[in-house]
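Read through the structure below, which is laid out as structure tokens, and then see the notes.
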Amino acid sequence: MRVETLVPRRGEAELEEIAAALAAGPSAPPFAEELVEFCHGISRALFGDRRAKRHPELVPLASFLRRASVAALAQEFAAEARPDVVQVPRGLAFHVPPSSVDTMFVYSLAVSLLAGNRNVVRVSPRRSVTTEVLVDALNAAAADHPAVAASIAVVSYGHELEPSALLSRHADVRVIWGGDATIETIRALPLAPHATELLFGDRFSLAVLRPGAEDPADLARRLFNDAYWFDQMGCSSPRLVVGVGDGAWPALEALFDALHGEVRHRGYGLELGAVLAKRTAVYGALADRPVRRMREGGNELTVLELATLDGFDRTHPGAGLFYAATVDSLDALAGFVVRKDQTMTISGFDGTEVASLVRAVNGRGIDRIVPFGEALTFGRFWDGYDLLAELTRRVNAP
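At position 223 of the sequence shown (counting the first as 1) the number is 1114 in our numbering, and the numbers step up by one without a gap.
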């Protein structure tokens, strides 16, 4: 079957030929110099593309791929080595990234590539400007590093299962970024008996603050970056904001007032479909949830203040809808957390308090706790996985 190819060059090709060539191709050792330079080439292309300046979500990706950042990751990886174990690539990785976060396909590809794997990535035919910028950056790096480019393919096709089934048969590891419906569909496609897979399903994230710890305007700037870059559809984008302790409601009001100003300052806007989906969700919440007050700042910001978090429903449309609530202490959230909860962004809590919450939750949820402004910062540890460990194999060699 023929598919559209995007990387290492745009065109069309037989998918069976692509998969067979990648499956049989050579692999580089983890963090080989040519892999580091390829990633740096992507970074350089992004920083040099005028279009990228209109998409601030590309800046952290370009920084992640810089030679210095990758070298630090390589050093961290090497420091964990054991004298009796050699870590080697798994082989061919098949990536199914989410359509809601344009940059994720490059993050997924880059970490797997740095682990030494050969890679094939499926992206949707409905591509954003951001995706096109990323494809151009990948192809610029591919032109300068043809040997590395030969170990990569980015292809595009619709929801038909035949191409994904073919790639799954060839894969040594399959990486599915969800949501849950995508995972259920793709997991039904057989893998080779030796193959493994990483699954990243639908998640929910929240922000928690202690009143008075930081300036509301500064918090609002960082909350905007956490929530609005992907229309609040990123798995780590906060959708619930919780105030802790005395003065929590006034602190939340000050934060959302500042966020309204930040949204207007940034010139953020929503497409009509997102506005209508949010409006439908808001009407449903007003009917079914313990909403004590609703606040709005145009179409782009809606805040539903909740009288209680009991029975909280994590269904959420994105698009600038925030639930708000208060609790007496950080530890009070231990009983609220469920396995679906991924990232908690925090302000005003020390390490002892955070560790106490983590111990109280005891693995039932929350995979990341980071400061405001770092919800979307990607790293090797994601959804409880150590990606570098999962994307390599350990060979005992005493």
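Glycine residues also receive a C-beta, built at the ideal position from the N, C-alpha and C atoms.
A contact is defined here as three or more CB-CB pairs under 8 Å, and the region 906-921 meets this definition with respect to the region 1049-1067. Sequence-distant Cβ neighbours of Asp1274 in its own chain, meaning closer than 6 Å and more than five residues away, are Phe1091, Asp1258. Annotation for Asp1219: Val1135, Gly1136 place their beta carbon closer than 8 Å to its own, counting only its chain and skipping 5 residues before and after. In the DSSP annotation of this structure, the continuous segment of the alpha helix (DSSP H) that includes Asn1116 starts and ends at 1107-1119. Between the beta-carbon of Val1026 and that of Val1132 there is about 35 Å, and that puts the pair past the 8 Å contact cut.
Bounds of the beta strand (DSSP E) holding Thr1217 are 1212-1218. Three or more beta-carbon pairs drawn from the region 1030-1050 and the region 928-937 are found closer than 8 Å, and the two stretches are therefore classed as touching. Secondary structure within the region 1036-1076: the beta strand (DSSP E) runs of 3 or more consecutive residues, fully enclosed, are 1043-1047, 1064-1067 (chain order).
Approximately 7 Å separates the beta-carbon atoms of Val1011 and Val1046; this is inside 8 Å, confirming the contact.
The DSSP-derived three-state label of Phe1272 is strand. Taking C-beta separations shorter than 7 Å and ignoring five residues to either side along the sequence, the partners of Asn1287 in its chain run Asp975, Val976, following chain order. Burial is judged here by how many other beta carbons sit within 10 angstroms of a residue's own beta carbon; Lys944 has fewer than 16 and is exposed.
Ranked by Cα distance from Leu1082, the options Ala1172, Ala1111, Leu983, Pro951 are led by Leu983. Counting only runs that start and end inside the region 938-993, the beta strand (DSSP E) elements of at least 3 residues fall at 976-980, 983-987. Counting of Cβ neighbours within 10 angstroms places Val1229 among the exposed residues, the total staying below 16. For Ile909, the enclosing alpha helix (DSSP H) stretches over residues 906-915.
Along the length of the region 1187-1258, whole alpha helix (DSSP H) runs at least 4 residues long occupy 1242-1252, reported in chain order.
According to DSSP, Arg1284 shares a beta bridge with Val979. The beta-bridge partner set that DSSP reports for Glu1088 consists of Arg1065. Here the alpha carbon of Thr1076 sits roughly 22 Å from the alpha carbon of Glu1281. For Ser999, no pairing in a beta bridge is given by DSSP. Around the Cβ of Phe922, a 10 Å sphere holds 16 or more other Cβ atoms; the residue is buried.
Cβ-Cβ separation between Ile1237 and Val1245: approximately 7 Å, consistent with a contact (criterion under 8 Å). Between Ala1098 and the set Asn1116, Ala1086, Leu1089, the nearest pair of CA atoms involves Asn1116. By the Cβ criterion, the region 1162-1182 is in contact with the region 1200-1211, since at least three pairs of Cβ atoms, one from each stretch, lie closer than 8 Å.
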